[in-house]
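Respectively, the protein sequence lines represent chains G and Z.
Just add 13 to the spot in the first sequence (first one is 1) and you have this note's numbering.
Heads up: the second sequence at position 306 corresponds to 298 in this note's numbering, and the numbers run straight through without jumps.
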Amino acid sequence: MTRDPPRLSCRGLALSVAGRTLVRGLDLDVRAGECWVVIGPNGAGKTTLLTALAGLRAAQAGAIAYDGTPLAALGLRERARRRGFLPQDSVDHFPATVLETALVGRHPHLARWQWESATDIERARAALSTFGLAGLDDRDARTLSGGERRRLALAALVAQDSGLLLLDEPSSHLDLGAQVAALDTVAALARDQDKAIVMVLHDLHLALRYADHAIALGHGRARTGIAGDILTGATLSELFGHRLVAVGDGATRTFLPS
Amino acid sequence: MPAPPHSGSATFGRTAAILGALAVAALCALVGALSVGSVAVDGAAVFHALAGSASGTEAAIVRELRLPRALAAFAVGGLLALAGALMQVLLRNPLADPYILGLSGGAAVGALGAMLAGAAALVTPAALAGAFASTLIVFGLARTGAERAPWTTTRLLLTGVIVAAGWGALIALMLTLAPDAQVKGMLFWLIGDLGGATAPTPALVTLAVALLGALAFARDLNVLARGEDVAAALGVAVARTTLALCAVAALATAAAVTTAGSVGFVGLVVPHGLRLVLGNDQRLLLPASVLTGGTLLLLADTLARTVAAPIQLPVGVITALVGVPVLLVLLTRGRS
């Protein structure tokens, strides 16, 4: 049986910022249905890694491919149809309705002079209701709360309908209940729709709960593997420079600063 | 059950309806402008004059005096509103205007220089050369070291403001050195005046080309309005699109400024006000800005040449007198 090529793969990826090496020789295969988490201390390069994997920032060395096709061989629009990217923060400079904001995700699927079809609007509405924003179509997005805006950004990403999703802190600005609800939805995208997901999370417990694989980034190197193997007391203590004690096991494992 | 109407967003049908209404308003303003003046011409006579089925003084006034000036007014208003709408999205600053990159200053230095040299025939070419020199200086300086897209707009903005300050000093110097007899003409040029606009064709052609070029990127602009990182992730070539559309805006502004001098406020107020009413979908906002800006400047110019007749006011005075209170209202509304 032949296996589909990974949604995202990189070989020998090296990244540095202002002369400081963040990671070197990173090999990665992210397959359909997998949910990866990137963890690490502040300044470790989590966002830099994610933007590089999105093809939005040049790497110092290495090759990135989507679905087995090198990034260099894919046009900007074709890349946007294969991978969605959620930036850490977004600012609304101009008024736009909730529906218009979600429809932005359909941009890479439309030709230059083409208008959004009823199908595009359907998809955007479905994405909005997935994130609990149904019925808010005509609201000015700037009047939404921080948490609602974050869910709106996620809905626009789902409307983009790419096989690979790169999320930079998808749960930021969300309260505890909303974090769990949003990450439940994200995890369901991997489980039910076979999306491949790489997300940066700060909360180690949420990371353990939702990710099946992990990238631990820090001190100029990256460790990759099964989430349960990476998210251990010993690894995290070294990573964050503070002793953490793991209590319990499995998805309910907790880490306590000693 | 049919899908509920999609009222806040610009569907194709809603866009066409709004643009149709604005086009009708523009035509009414045109007929009004052609009939009002020292010799009143009624609507029927205007149509006969335009259709070529009438001759005589009235028809000549309509065809040879009022029509070129009215078309020039419409084109200049449309060009400035289009350039303003583009600059506001590209710089993601709702208060940007067509002159933000220092273009009007360069054009003014060229035009005033030609007036000082006594070369009246060279005023328009010199203004055009000044506008393009300013654009080249700003783009050239802003490009150096601009490896990453997020730097481009900030650097463009800063470079434009600095270059504009330099032009301002040169303009002040020329006004100081100019003989008294020339100062009035120079001031009219600086305020914006359509009294000398006899050949509207270049401005109209530029308007059509610039609008078509901008509309081709209208959905990219919608995405760019969400921020550069979002746009890049959605497949927009951010740096290239920004520079290309800045160039379109510069071309539009140069065509407007060489036709009528630096008319203020149209390029700032029209797109900003329309955005509050129509939303920010550029596929609607850009053509609506052209039609509204053109109509408003046409009305303002009709007022400028009739309100204090036989004295003709520079149209820039009218746009500023109307524009300042409108802008203040928009600003206080925006803050609430």
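We put the CB at the ideal spot given by N, CA and C, even for glycine.
Computed from a predicted structure; not experimentally measured.
List the residues of chain G whose Cβ lies closer than 9 Å to the Cβ of residue i, in chain order.
i: Gly227/Z; result: Gly88, Leu89, Arg90, Glu91, Arg92, Ala93, Arg94, His120 and Pro121
i: Gly12/Z; result: Ordered by position in chain G, no residue passes the 9 Å Cβ test against Gly12/Z, which lies about 17 Å from the chain.
i: Pro86/Z; result: His106 and Phe107
i: Arg325/Z; result: By Cβ distance, chain G contributes nothing, its closest Cβ being about 12 Å from Arg325/Z, past 9 Å.
i: Arg267/Z; result: Phe107 and Pro108
At a CB-CB cut-off below 7 Å, which residues of chain G make contact with residue i?
i: Phe4/Z; result: Trp128
i: Ala224/Z; result: Leu69
Residue i: which of the options sits nearest, CA to CA?
i: Asp197/G; options: Leu219/G, Gly68/G and Ala259/G; result: Leu219/G
i: Leu108/Z; options: Ala88/Z, Leu57/Z, Gln174/Z and Gly98/Z; result: Gln174/Z
i: Asp212/Z; options: Ala85/G, Arg90/G, Ala78/G and Arg33/G; result: Arg90/G
i: Leu186/Z; options: Leu22/Z, Leu305/Z and Val155/Z; result: Leu305/Z
i: Val68/Z; options: Arg232/Z, Val307/Z and Leu133/Z; result: Val307/Z
i: Leu266/Z; options: Val28/Z, Val201/Z and Gln80/Z; result: Gln80/Z
i: Gly29/Z; options: Leu295/Z, Gly48/Z and Leu95/Z; result: Leu295/Z
i: His186/G; options: Thr34/G, Ala124/G, Leu112/G and Pro100/G; result: Pro100/G
i: Ser29/G; options: Gly190/G, Ala57/G and Cys23/G; result: Ala57/G
i: Cys23/G; options: Gln127/G, Leu62/G and Gly53/G; result: Leu62/G
i: Asp80/G; options: Gly25/G, Ser175/G and Leu157/G; result: Ser175/G
i: His40/Z; options: Ala32/Z, Val31/Z and Ala51/Z; result: Ala51/Z
i: Pro90/Z; options: Asn272/Z, Ala244/Z and Ala300/Z; result: Ala244/Z
i: Thr3/Z; options: Leu39/G, Gly32/G, Trp128/G and Gly46/G; result: Trp128/G
i: Arg155/G; options: Pro108/G, His226/G, Leu112/G and Ala140/G; result: Pro108/G
i: Val153/Z; options: Leu165/Z, Thr168/Z, Ala170/Z and Thr127/Z; result: Thr127/Z
i: Leu189/Z; options: Ala8/Z, Gly12/Z, Val299/Z and Leu59/Z; result: Sequence inspection shows Ala at residue 189/Z; the Leu mentioned does not correspond to that position. Comparing Cα positions, the closest option is Leu59/Z.
i: Cys238/Z; options: Ala32/Z, Leu148/Z and Cys20/Z; result: Leu148/Z
So is residue i buried or exposed if we call it buried at 16+ other beta carbons inside 10 Å?
i: Pro183/G; result: buried
i: Gln274/Z; result: buried
i: Pro192/Z; result: buried
i: Thr146/Z; result: exposed
i: Met(-7)/Z; result: In this prediction, Met(-7)/Z has a pLDDT of 37, which is less than 50 and means its spatial position is unreliable; what the coordinates show is noted afterwards. Counting Cβ neighbours within 10 Å, Met(-7)/Z comes out exposed, since fewer than 16 surround it.
i: His255/G; result: exposed
i: Arg92/G; result: buried
i: Lys59/G; result: buried
i: Ala141/Z; result: Per-residue confidence for Ala141/Z stands at a pLDDT of 41, beneath the threshold of 50, marking its modelled position as unreliable; no derived number is given.
i: Pro83/G; result: exposed
i: Gln192/G; result: buried
i: Asp150/G; result: buried
Could you work out which residues of chain G lie near residue i, taking near to mean beta carbons separated by less than 8 Å?
i: Asp273/Z; result: Glu113
i: Ala208/Z; result: Arg125 and Trp126
i: Ala217/Z; result: His106, Phe107 and Ala109
i: Arg211/Z; result: His120, Leu123 and Arg125
Look at the Cβ atom of residue i, then the Cβ atom of residue j, and state whether they are nearer than 8 Å.
i: Gly315/Z; j: Val249/Z; result: no
i: Ala27/G; j: Ala67/G; result: no
i: Leu217/G; j: Arg96/G; result: no
i: Leu78/Z; j: Ala241/Z; result: yes
i: Ala246/Z; j: Ala123/Z; result: yes
i: Arg236/G; j: Ala229/G; result: yes
i: Gly259/Z; j: Gly76/Z; result: yes
i: Ala264/G; j: Thr245/G; result: no
i: Arg20/G; j: Val43/G; result: yes
i: Leu203/Z; j: Leu22/Z; result: no
i: Thr110/G; j: Gly233/G; result: no
i: Leu72/Z; j: Gly285/Z; result: yes
i: Leu116/G; j: Asp133/G; result: yes
i: Thr287/Z; j: Ala37/Z; result: no
i: Val101/Z; j: Trp159/Z; result: yes
Quick one: give me the first and last residue of the alpha helix (DSSP H) that residue i is part of.
i: Pro60/Z; result: Leu59 to Leu82
i: Ser96/Z; result: Leu95 to Leu108
i: Gly176/G; result: That residue, Gly176/G, is in no alpha helix (DSSP H); it is neither H nor E in DSSP.
i: His264/Z; result: Val258 to Leu270
i: Gly25/G; result: Note, Gly25/G: premise wrong, no alpha helix (DSSP H); beta strand (DSSP E) at Leu21 to Val30.
i: Tyr91/Z; result: Taken as a continuous stretch (DSSP letters only), Tyr91/Z belongs to no alpha helix (DSSP H), as it is neither H nor E.
i: Asp133/G; result: Ala131 to Thr143
i: Thr248/G; result: Gly246 to Phe253
i: Leu112/G; result: Val111 to Leu116
So the beta strand (DSSP E) residue i belongs to, where does it begin and stop?
i: Thr267/G; result: Thr267 to Pro270
i: Leu290/Z; result: Note, Leu290/Z: premise wrong, no beta strand (DSSP E); alpha helix (DSSP H) at Gln274 to Thr298.
i: Thr237/G; result: Arg234 to Ile239
i: Phe98/G; result: Arg96 to Leu99
i: Gly263/G; result: Per DSSP, Gly263/G belongs to no beta strand (DSSP E) and is neither H nor E.
i: Leu35/G; result: Arg33 to Val43
Mind pulling the chain Z residues with CB within less than 8 Å of residue i?
i: Val30/G; result: Correct list: empty, because the minimum Cβ distance to chain Z is about 12 Å.
i: Pro100/G; result: Gly219, Asp221, Val222 and Ala225
i: Val117/G; result: Asn214, Val215, Arg218, Val222 and Leu226
Could you list which residues in chain Z have their beta carbon closer than 9 Å to that of residue i, in chain order?
i: Ser103/G; result: Arg218, Gly219, Asp221 and Val222
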